[in-house]
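Protein chains: 2
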Amino acid sequence: MGLILLRYGEIALKGQNRQEFLRCLRRNVRRCLREHHIAGEVESVGQRLYVRTEQVEEALAPLSRVFGLVSLSPVREVPRDVDAIIAAAIEEARAAGLNENSSFRVQARRADKTFPHTSPEINRLVGEGVAQALHARVDLSANADITLGVEIAQDAALVFARVIPAPGGFPIGVEGRVVALISGGIDSPVAAWMMMKRGCYVIPLHFSQNEVETSKALDNIAQLSRYSYGWELRPFVLDHAATVMPTLEKLRAIGESRWNCIFCKRVLIAKACEIAEEQGALGVVMGDALGQVASQSLANLAAISYGAPLPILRPLLGLDKTEIIALARRIGTFAISTRAQAPCAFLPNHPVTRGSLSKLRDILNRLKALEAEPYEPSI
Amino acid sequence: MGLILLRYGEIALKGQNRQEFLRCLRRNVRRCLREHHIAGEVESVGQRLYVRTEQVEEALAPLSRVFGLVSLSPVREVPRDVDAIIAAAIEEARAAGLNENSSFRVQARRADKTFPHTSPEINRLVGEGVAQALHARVDLSANADITLGVEIAQDAALVFARVIPAPGGFPIGVEGRVVALISGGIDSPVAAWMMMKRGCYVIPLHFSQNEVETSKALDNIAQLSRYSYGWELRPFVLDHAATVMPTLEKLRAIGESRWNCIFCKRVLIAKACEIAEEQGALGVVMGDALGQVASQSLANLAAISYGAPLPILRPLLGLDKTEIIALARRIGTFAISTRAQAPCAFLPNHPVTRGSLSKLRDILNRLKALEAEPYEPSI
Numbered sequence: 153m154g155l156i157l158l159r160y161g162e163i164a165l166k167g168q169n170r171q172e173f174l175r176c177l178r179r180n181v182r183r184c185l186r187e188h189h190i191a192g193e194v195e196s197v198g199q200r201l202y203v204r205t206e207q208v209e210e211a212l213a214p215l216s217r218v219f220g221l222v223s224l225s226p227v228r229e230v231p232r233d234v235d236a237i238i239a240a241a242i243e244e245a246r247a248a249g250l251n252e253n254s255s256f257r258v259q260a261r262r263a264d265k266t267f268p269h270t271s272p273e274i275n276r277l278v279g280e281g282v283a284q285a286l287h288a289r290v291d292l293s294a295n296a297d298i299t300l301g302v303e304i305a306q307d308a309a310l311v312f313a314r315v316i317p318a319p320g321g322f323p324i325g326v327e328g329r330v331v332a333l334i335s336g337g338i339d340s341p342v343a344a345w346m347m348m349k350r351g352c353y354v355i356p357l358h359f360s361q362n363e364v365e366t367s368k369a370l371d372n373i374a375q376l377s378r379y380s381y382g383w384e385l386r387p388f389v390l391d392h393a394a395t396v397m398p399t400l401e402k403l404r405a406i407g408e409s410r411w412n413c414i415f416c417k418r419v420l421i422a423k424a425c426e427i428a429e430e431q432g433a434l435g436v437v438m439g440d441a442l443g444q445v446a447s448q449s450l451a452n453l454a455a456i457s458y459g460a461p462l463p464i465l466r467p468l469l470g471l472d473k474t475e476i477i478a479l480a481r482r483i484g485t486f487a488i489s490t491r492a493q494a495p496c497a498f499l500p501n502h503p504v505t506r507g508s509l510s511k512l513r514d515i516l517n518r519l520k521a522l523e524a525e526p527y528e529p530s531i
Numbered sequence: 153m154g155l156i157l158l159r160y161g162e163i164a165l166k167g168q169n170r171q172e173f174l175r176c177l178r179r180n181v182r183r184c185l186r187e188h189h190i191a192g193e194v195e196s197v198g199q200r201l202y203v204r205t206e207q208v209e210e211a212l213a214p215l216s217r218v219f220g221l222v223s224l225s226p227v228r229e230v231p232r233d234v235d236a237i238i239a240a241a242i243e244e245a246r247a248a249g250l251n252e253n254s255s256f257r258v259q260a261r262r263a264d265k266t267f268p269h270t271s272p273e274i275n276r277l278v279g280e281g282v283a284q285a286l287h288a289r290v291d292l293s294a295n296a297d298i299t300l301g302v303e304i305a306q307d308a309a310l311v312f313a314r315v316i317p318a319p320g321g322f323p324i325g326v327e328g329r330v331v332a333l334i335s336g337g338i339d340s341p342v343a344a345w346m347m348m349k350r351g352c353y354v355i356p357l358h359f360s361q362n363e364v365e366t367s368k369a370l371d372n373i374a375q376l377s378r379y380s381y382g383w384e385l386r387p388f389v390l391d392h393a394a395t396v397m398p399t400l401e402k403l404r405a406i407g408e409s410r411w412n413c414i415f416c417k418r419v420l421i422a423k424a425c426e427i428a429e430e431q432g433a434l435g436v437v438m439g440d441a442l443g444q445v446a447s448q449s450l451a452n453l454a455a456i457s458y459g460a461p462l463p464i465l466r467p468l469l470g471l472d473k474t475e476i477i478a479l480a481r482r483i484g485t486f487a488i489s490t491r492a493q494a495p496c497a498f499l500p501n502h503p504v505t506r507g508s509l510s511k512l513r514d515i516l517n518r519l520k521a522l523e524a525e526p527y528e529p530s531i
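Just so you know, the sequences run in chain order A and B. Read in our numbering, the first sequence has 497 at position 345, and its numbers run on one by one without any break. Read in our numbering, the second sequence has 477 at position 325, and its numbers run on one by one without any break.
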């Protein structure tokens, strides 16, 4: 039976949320294994989770996508005995390719302080043993080719050479639900991913304009699903034109089509808030990054947000395009988002780039006057 | 006269904003130099800015804090002649410590395509010249100890070995103004920094509870000022108790003191929106990260945001505490934020951690009933 050591962010775990966080994390780890048909046992041991399975290699990639984990390592489990630890470290180092031309260091962590050797002592003893056996050079700096980890737990010692990064954040489920607007572009899937990372159940919502963009949106949602252990991403797909046309026609009637983009987003948000209400969601996620394009000016964000009944969550607000693209590549949505694109049919020639709130209120009043019933309840 | 090459993010510069971006960036670079009493000339050359100055070393650190720049390099400027370039590369490599025990590579960029040699040819010619002169090993990978850069501009060739990172983003001034709530904690200065990075004029607003936290907030604002070329950070400091007490007393009167934290934030936001209106600002910046502490639950963010007249900008929403701390260290606010802290005087024993909007509306109505005049215009 193989063993995988899972690490979670200790810094996030002050006080009352700890038990809920761990319960949720274990549940999602189990669902991850089940979804990939991997038989395995999950248990909490000290500040770690252990996964025992015969399918260690198959489990690593899926587990590296579980939010709440910061890293994982396949480990050798040996008795708490210095000679056994050294022997395991030699095997592990050899498997990792350590030889007389490469360097290594040892980083011990003594979770159980009753172990007779301190961490620096373990580092020295194991370092000497491995250096002797493999004729490799010790390099205490971060430049070492290989870092050997040793964890002293209560019942065993764990030895490892690989540390696979995981996304961090909180396990999906510790926060509530949010509705995430997903287009065919680069930003919105990354924004949804960020909220999943912070523990939200994401309900994807796509407004379909054409097959090209809709297939990109759905493919991106499928990519996000690879991270969504503990929650099925079931997208709502609504017709874009049917949703926005009534409002855009009225805008044209009053000669304000330059405001199309702002009102389009207001209508989509209003619809997202309706769905959120039905689904018990508490916010609407959007991919805006301040100033990235002319339509994402501060003034336009204010005009778009004005009067929204739920908070608009914009986790990419402060990021540069290069940072967003790096995240999109990492989560596997970039290649999909950058496929051939179909333009929006409602884009005016000179869209408003600095929509003022006073002008917005004026337009809202004129739209209201156009019909007996109010234009939109609160937006 | 020395020369510094400044690079800005080309990816951010599609279309119409380009000229405004560059004008603003040059202005901020000039202000940066002036503020540090560095005499220098700034000019646009192709996709770069040049700074000519006798005080190259003094200028590097300040310039590395100008938003809109992605990196800078002190360069040697030589005629567009291969031998001159090789000679400069040898000097530059020697100054950077290249010797027979280290490796290097050459990365040429031919901004002017009329230059007779292609970039790969320049890489090869310069690489051979440097390798021969300094007996150093060529390593084309990113593992090379030293990377020598060569840029072929229209009138000269530039050679450099140092690339100093800068924060990226947009020059301060291309977006509008925002009011940023700054406490004595870790998060809020980072949030303000993120909005500065996206080109905002930040107006800091601190609500003073005690000297300990206020001195931390003011010290952090001073740290942020090191990045605020082109805009003076003039903090508003208001008395916290005077601002929130009337509302918290009414909450106590109706037996809802568990909602203190949510209403405290609502009142601070209402005040921030007032100041924003006076100052022509279009949003209120807060340091919330979803779920970081129990009071930053999705439900509480919704209850806090409900009815706010301006958008609440939360650039840290999707970040982990570890990511926020890394940023705080980088911008120099972490050590200040983590000085001894003074607790909030109004924290209830069991603050609401999942404030629902229906309960919020109920409380708002009961507060209104308590007085003839409405409690707060829109919040």
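Glycine included, each C-beta is placed from N, C-alpha and C at the ideal position.
Residue 388 (chain A), DSSP secondary structure in three states: strand
In terms of residue numbering, what span does the beta strand (DSSP E) encompassing residue 225 (chain A) cover? 221-230
Buried/exposed call for residue 265 (chain B), threshold 16 Cβ in 10 Å: exposed
Under a CB-based cut-off of 8 Å, is residue 376 (chain A) close to chain B? no
Residue 214 (chain A) lies in the beta strand (DSSP E); which residues open and close that run? Here residue 214 (chain A) belongs to no beta strand (DSSP E); instead the alpha helix (DSSP H) covers 208-215.
Residue 149 (chain A) versus residue 411 (chain B): straight-line alpha-carbon distance, rounded: Lying outside 153 to 531, the shown extent of chain A, residue 149 (chain A) is not represented and no answer is given.
C-alpha gap between residue 205 (chain A) and residue 346 (chain A), whole angstroms: 30 Å
Can you give me the C-alpha to C-alpha distance between residue 376 (chain A) and residue 442 (chain B), rounded to a whole angstrom? 19 Å
For residue 196 (chain A), which residues does DSSP report across the bridge? In the DSSP output, where bridge partners are listed per residue, residue 196 (chain A) has A:201.
Residue 256 (chain A) in three-state terms, based on DSSP: strand
Boundaries of the beta strand (DSSP E) in which residue 273 (chain A) is found, first to last residue: Counting along the chain, residue 273 (chain A) falls outside any beta strand (DSSP E), though it belongs to the alpha helix (DSSP H) covering 271-286.
Counting only Cβ-Cβ distances shorter than 8 Å, please list the residues of the region 334-349 of chain A near chain B, keeping chain order. 343, 346, 347, 349
Complete runs of the alpha helix (DSSP H) confined to the region 329-403 of chain A [at least 4 residues]: 339-349, 363-377
Can you list, in chain order, the residues of its chain with a C-beta nearer than 8 Å to that of residue 263 (chain B)? Leave out the 5 residues immediately preceding and following it. 198, 199, 200, 303, 304, 305, 306
Taking Cβ-Cβ distances shorter than 8 Å, what residues in chain B pair up with residue 352 (chain A)? 442, 450
Contact set for residue 413 (chain A): own chain, Cβ-Cβ below 6 Å, skip 5 residues either direction: 447, 503
Within a Cβ cutoff of 6 Å, which residues of the same chain sit near residue 260 (chain B), ignoring the five residues on either side of it in sequence? Taking C-beta separations shorter than 6 Å and ignoring five residues to either side along the sequence, the partners of residue 260 (chain B) in its chain run 271, 274, 275, 302, following chain order.
Quick one: is residue 510 (chain B) near chain A, going by C-beta distance under 8 Å? At a cut-off of 8 Å between C-beta atoms, residue 510 (chain B) does not count as an interface residue with respect to chain A.
Within 8 Å (strictly less), CB to CB, does residue 527 (chain A) reach chain B? Confidence at residue 527 (chain A) is low in this model, with a pLDDT of 46, below 50, so the placement of that residue is unreliable and no value is reported for it.
By the three-class DSSP mapping on this structure, what secondary structure does residue 316 (chain A) have? strand
Look at the Cβ atom of residue 354 (chain B), then the Cβ atom of residue 315 (chain B), and state whether they are nearer than 8 Å. no
So does the region 380-397 of chain B actually touch the region 486-493 of chain B, counting three or more Cβ pairs closer than 8 Å? no
At what residue ranges does the region 448-516 of chain B contain a whole run of the alpha helix (DSSP H), taking only runs of 4 or more? 450-457, 473-483, 486-489
Return the first residue and the last residue of the beta strand (DSSP E) that residue 303 (chain A) is part of. Secondary structure note for residue 303 (chain A): its beta strand (DSSP E) is the uninterrupted segment 298-304.
Examine chain A for any beta-carbon lying closer than 8 Å to the beta-carbon of residue 254 (chain B), and answer yes or no. no
According to DSSP, is residue 173 (chain B) helix, strand or coil? helix
What is the DSSP secondary structure of residue 185 (chain B), counted as helix, strand or coil? helix
What did DSSP end up calling residue 518 (chain B) once you bin it into helix, strand or coil? helix
Where residue 170 (chain A) and residue 326 (chain A) are concerned, what is the direct C-alpha to C-alpha distance, given to the nearest angstrom? 11 Å
Is it true that the CB of residue 318 (chain A) sits closer than 8 Å to the CB of residue 221 (chain A)? yes
Given residue 226 (chain A), which residues of its chain have a CB within under 7 Å of its CB, disregarding the five upstream and five downstream residues? 154, 156, 208, 212, 312, 314
Coil, strand or helix - residue 190 (chain B) by DSSP: coil
In this structure, how does DSSP classify residue 155 (chain A) when only helix, strand and coil are distinguished? strand
Mind checking who residue 433 (chain A) pairs with in its DSSP beta bridge? A:329
Are there any heavy atoms of the ligand NAD lying less than 7 Å away from the beta-carbon of residue 482 (chain B), as far as the coordinates show? In terms of ligand content, the structure shown is empty, and the ligand NAD therefore cannot be addressed.
Whose CA, out of B:427, B:426, B:218, lies closest to the CA of residue 324 (chain B)? The residue with the shortest Cα to Cα distance from residue 324 (chain B) is B:218.
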